[in-house]
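Chains as they are written, first to last, in the working numbering: chain A, 22 to 152; chain B, 19 to 112. Think of the CB as a built atom: it goes at the ideal place given N, C-alpha and C, for glycine as much as any other residue. The model shown is predicted, which means the values in this text are computed figures rather than measured ones. To start, the structure under review is shown below, and the notes come after it.
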């Protein structure tokens, strides 16, 4: 399944192995993790059906634009700690430029289009993140 | 006619996660009218989603049956029984 929104973490090494095809010359992995901005924890929520559809459309666009051979996108939701994985993108392509380009395109489009939100939990309260 | 309105992120703290809004067909004709009628039942918080002129605030994002709708087009989107509308603030995923 190329797009998943899930509470569960994933085995990135296994994703890479499963993505490999003989026609590939490059696999690019993006792993977005929870940064310590003075927070205690971060809570991610999503409109799961809407976000899945939006990300699937982004992936379909990227596959055409960058001639990608494989795409896996896993966006986590739920309460996460500093250092936990938030967004994992694994892209396989014939060449590195296509793989890097496709990965960056998918990442930037998810950040502006997918209905997913972060709420930072601090020692003395919480706040919604709005970009 | 019954529609489902879902709210997300900070809007859930005002309107709850989702509401079934029931009204007479023809009473409110468009997506904007229906969401406006629902939000007017929260007079102190109406301004979180709509301007005084009854337009969606420029940060509000909308999906209609999982399709993104431009807020400027919301007055022209006709609803059908069972439709699902999502109203949410700017996204922050990734």
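When rounded, the separation of the alpha-carbon atoms in residue 44(A) and residue 61(B) is 60 Å. Only exposed fits residue 65(B), as fewer than 16 other CB atoms lie within 10 angstroms of its CB.
Proximity of the segment 80–90 of chain B to the segment 113–126 of chain A falls short of the contact definition, fewer than three beta-carbon pairs being nearer than 8 Å. Per DSSP, residue 40(A) is one residue of the alpha helix (DSSP H) stretching across 33–40. The CB of residue 106(B) comes closer than 7 Å to the CB of 68 and 136 in chain A, given here in chain order. Bridge pairing for residue 123(A): absent [DSSP]. Below 8 Å, enough C-beta pairs join the segment 125–134 of chain A and the segment 72–92 of chain A to call them touching: three or more.
Taking 7 Å as the threshold, the shortest C-beta distance from residue 78(A) to chain B does not fall below it. Contact check for residue 55(B) against residue 46(B) passes: the beta carbons are separated by less than 7 Å. Along the segment 26–37 of chain B, going in chain order, the ones with a CB nearer than 7 Å to a CB of chain A are 26, 27 and 28. Against chain A, the CB of residue 97(B) has no partner CB under 7 Å away; the residue lies outside that interface.
Exclusion of the five residues before and after residue 91(A) leaves 40 and 113 as the residues of its chain whose Cβ lies within less than 6 Å of its Cβ.
Taking C-beta atoms under 8 Å as the contact rule, residue 76(A) and residue 49(A) fail to qualify, at a distance of about 17 Å. The Cβ atoms of residue 106(B) and residue 27(B) lie closer than 7 Å to each other. Cβ-Cβ separation between residue 52(B) and residue 39(B): approximately 6 Å, consistent with a contact (criterion under 8 Å).
Within 9 Å of the CB of residue 100(B), no CB atom of chain A is found; the nearest one sits about 15 Å away. Per DSSP, the unbroken alpha helix (DSSP H) holding residue 73(A) starts and ends at 69–87. Using beta-carbon distances, residue 49(B) does not count as an interface residue toward chain A, since no partner is under 7 Å. Excluding the 5 residues flanking it on each side, residue 73(A) has same chain C-beta neighbours closer than 7 Å at 24 and 26, in chain order.
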